[in-house]
Amino acid sequence: MAHKTVNVVQFEPNKGAIGKAYKKDAKLAMEYLAICDECYITEQENLLAENGEFTIETEGKTFKLTKDMVSVKRFQKTLHVEEIVPNVIEPSFGIGRIMYSIFEHTFQVREGDEQRTFFSFPATVAPYKCSVLPLSQNQEFMPFVRELSEAMTKNGVSYKVDDSSGSIGRRYARTDEIGVAFGITIDFDTVNKNPHTATLRDRDSMRQIRAEVSELPEIVRDLANGITTWAEVESKYPIFEGQETSKKEATEE
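The numbers in full-length UniProt numbering rise by one with no breaks, and the one at position 63 of the sequence shown is 63.
Pasting the structure below:
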C-alpha cells in the first residue's frame with residue numbers, strides 16, 4: 001500500500017507518578033491507557049481540564065488519575081502497513097452446499113416402491129415435526145384438529161395440518177416427501193371412543209401407535225427434542241393395527 005499519514009491521539013502516562021501512587025497495580029493502569037480509543041481519550045481529556053482528574057476501572061480495580069499522572073498527546077504518524085479486521089467473513093462455501101448435502105444424505109426411497117420417496121431428516125432438524133391429518137373432511141374431526149393445533153403451538157412443536165380430500169395414504173406420502181417426522185391421524189375411534197385417542201405415525205418405519213389426544217403433543221415434543229425415542233414410545237403405547245369403528249357405526253351411535 002502507499003504510505004498513509006494519520007492523526008494519532010493517545011494518553012501519555014507519567015510512569016513515575018503512577019508507579020508512586022499505585023505501586024504494583026500501576027502496570028494495570030498503564031496497560032488500560034494504552035488501548036483507549038480517540039473518543040474515550042477526548043472525553044477524559046475534557047474531565048481532566050475541568051476537574052483536574054478522571055477515574056478509570058480495570059481488572060476490578062479503580063484508579064484516580066490527575067494531571068501530573070497523565071496527559072494527552074496528539075501527533076501524526078506515517079503508516080506503511082494497514083491492518084484491517086473485516087466486518088463480514090465470506091467462507092469458500094455457502095449455506096446452499098450444506099443444505100444440498102443434508103438433502104442428499106437423507107433422501108430415501110421406500111423399499112419395493114420407487115415412486116415413494118422421502119427425506120429422513122432427524123426429528124431435531126426436520127422443518128415440520130408433525131402433521132395433523134383428519135381421516136376425512138368430516139366436521140366431527142375438526143374440534144380435535146383445533147385442539148391438537150393449539151397444544152402443538154403451546155409445546156413449541158412446528159406442525160402442518162393437511163385436511164385435503166386425498167386418501168390418508170396419499171397424504172402420508174405427501175408429508176413424507178417433505179420430511180415431516182411424525183403424523184397424527186384423527187379417525188372415527190377418536191370421535192366415538194372415550195378417552196379420545198388418535199394415532200401417531202413414525203415417518204421412517206411407517207409404524208403407528210395409539211395414544212390419548214391430550215398426550216400426543218407432548219410425545220411429539222419429546223421425540224423432536226431427543227428426550228425420548230420411537231422405540232421407547234412403542235414400548236409404552238399400543239401398536240395401531242386399524243380403527244375399530246367406521247363412519248357408518250359412528251353415525252348409528
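For glycine and all other residues, C-beta sits at the position ideal for the given N, C-alpha and C.
- [ ] Give the secondary structure of residue 183 by DSSP, where H, G and I count as helix, E and B as strand, and everything else as coil.
- [x] strand
- [ ] Kindly indicate which three-state DSSP category residue 58 falls into: helix, strand or coil?
- [x] strand
TODO: Determine the direct distance from the alpha carbon of residue 88 to that of residue 210, and round the result to whole angstroms.
DONE: Residue 210 and residue 88: Cα-Cα distance of roughly 51 angstroms.
Open item on the list: Does residue 251 pass the burial test, meaning 16 or more other C-beta atoms within 10 Å, or should it be called exposed?
Closed with: For residue 251, the predicted structure reports a pLDDT of 42, less than 50, and the residue's modelled location is therefore unreliable. A value from the coordinates is still provided. The residue in question, residue 251, is exposed, as its Cβ has fewer than 16 Cβ neighbours within 10 Å.
- [ ] Could you spell out where the alpha helix (DSSP H) holding residue 145 opens and where it closes?
- [x] 142 to 154
- [ ] Sort 74, 197, 111 by Cα distance to residue 256 and report the nearest one.
- [x] Absent from the structure is residue 256, since the part of the chain shown begins at 1 and ends at 253.
Task: As assigned by DSSP and simplified to three states, the class of residue 235 - done: helix
- [ ] In the DSSP assignment, find the beta strand (DSSP E) that holds residue 13 and state where it starts and stops.
- [x] 4 to 13
- [ ] Using the Cα positions of residue 222 and residue 167, report the straight-line distance between them to the nearest angstrom.
- [x] 29 angstroms
Open item on the list: Assuming residue 61 and residue 28 are in contact, meaning their beta carbons sit under 8 angstroms apart, how far apart are those beta carbons, in whole angstroms?
Closed with: 6 angstroms
- [ ] List the residues that DSSP assigns as beta-bridge partners of residue 209.
- [x] 200, 239
Task: Three-way DSSP call (helix, strand, coil) for residue 82 in this model - done: coil
Task: CB of residue 180 within 7 angstroms of CB of residue 131, strictly - done: yes
Task: Inter-residue spacing [alpha-carbon to alpha-carbon] between residue 253 and residue 240 - done: Low per-residue confidence applies at residue 253: pLDDT is 38, beneath 50, and the placement is therefore not dependable, though the value from the model is reported in the following sentence. Distance between the alpha carbons of residue 253 and residue 240 is about 23 angstroms.
- [ ] Give the secondary structure of residue 250 by DSSP, where H, G and I count as helix, E and B as strand, and everything else as coil.
- [x] Its pLDDT being 45, under 50, residue 250 is placed unreliably by the model, and the measurement read from it follows with that caveat. Assigned with DSSP and collapsed to three states, residue 250 falls in helix.
- [ ] Out of 101, 123, 81, state which residue places its alpha-carbon closest to the alpha-carbon of residue 203.
- [x] 123
Open item on the list: Comparing C-alpha positions only, which one of 37, 65, 58, 35 sits nearest to residue 47?
Closed with: 65
TODO: Take residue 36 as the anchor and find which of 51, 23, 49, 8 has the nearest alpha-carbon.
DONE: Checked all of 51, 23, 49, 8; the closest Cα to residue 36 is 8.
Task: Per-residue DSSP class, three states only, for residue 114 - done: coil
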